[in-house]
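Following: one structure in structure tokens, then a few remarks.
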Amino acid sequence: MAEINEGHERIRHGQKEVRQKFEEISKETAKLKEETNIISKQSAANQVRLDLMFQIIKARSENDAPRDAVLTQILRELINGRAEPELKQAPRGEAITRSKELGRGLSSQGLSP
Numbered sequence: 010m011a012e013i014n015e016g017h018e019r020i021r022h023g024q025k026e027v028r029q030k031f032e033e034i035s036k037e038t039a040k041l042k043e044e045t046n047i048i049s050k051q052s053a054a055n056q057v058r059l060d061l062m063f064q065i066i067k068a069r070s071e072n073d074a075p076r077d078a079v080l081t082q083i084l085r086e087l088i089n090g091r092a093e094p095e096l097k098q099a100p101r102g103e104a105i106t107r108s109k110e111l112g113r114g115l116s117s118q119g120l121s122p
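Last residue of the sequence shown? That's 122 in our numbering, and every number before it is there in order.
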């Protein structure tokens, strides 16, 4: 009888250790998922900035000063944190921002962001 109780105690102890390890792994997994999500968002935001920079270069090469000015202002606002990038791909790979004033500025000038 004592041997059975001892065996049960070892089983319970082993189960407790397995549960603790599983909880540690679950916490680490959640932490890694969050870090991956942050890196992914940063990468997408960087891509939006790069898209804007290429659009600015294109506008300058085409001597399109109004478009250059608006895109440069959008980029400044993104960098300074006053506008948030839409983290999705726009048509033709162009960046999109949520800056309402700048979007209206583009529309009133007959330009698209």
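For each residue, glycine too, the CB sits at the ideal point set by N, CA and C.
Here the structure is a predicted model, which means the values were calculated and not measured.
Distance, Cα to Cα, residue i vs residue j?
i, j, result
"residue 13", "residue 53", "59 Å"
"residue 75", "residue 58", "19 Å"
"residue 70", "residue 60", "15 Å"
"residue 72", "residue 45", "40 Å"
"residue 90", "residue 83", "10 Å"
"residue 22", "residue 15", "11 Å"
"residue 17", "residue 36", "29 Å"
"residue 56", "residue 20", "53 Å"
"residue 11", "residue 42", "46 Å"
"residue 88", "residue 25", "50 Å"
Assign residue i to one of three DSSP states: helix, strand, or coil.
i, result
"residue 3", "What is shown of the chain runs 10 to 122, which leaves residue 3 out entirely."
"residue 26", "helix"
"residue 71", "coil"
"residue 90", "coil"
"residue 62", "helix"
Please check the pair residue i and residue j, which I expect to be a contact at CB under 8 Å, by giving their CB distance rounded to whole angstroms.
i, j, result
"residue 86", "residue 92", "4 Å"
Could you tell me whether the region 29-40 touches the region 61-76, where touching means 3 or more Cβ pairs closer than 8 Å?
-> no
Would the region 45-55 and the region 19-30 be scored as touching if the rule is three or more Cβ pairs under 8 Å?
-> no
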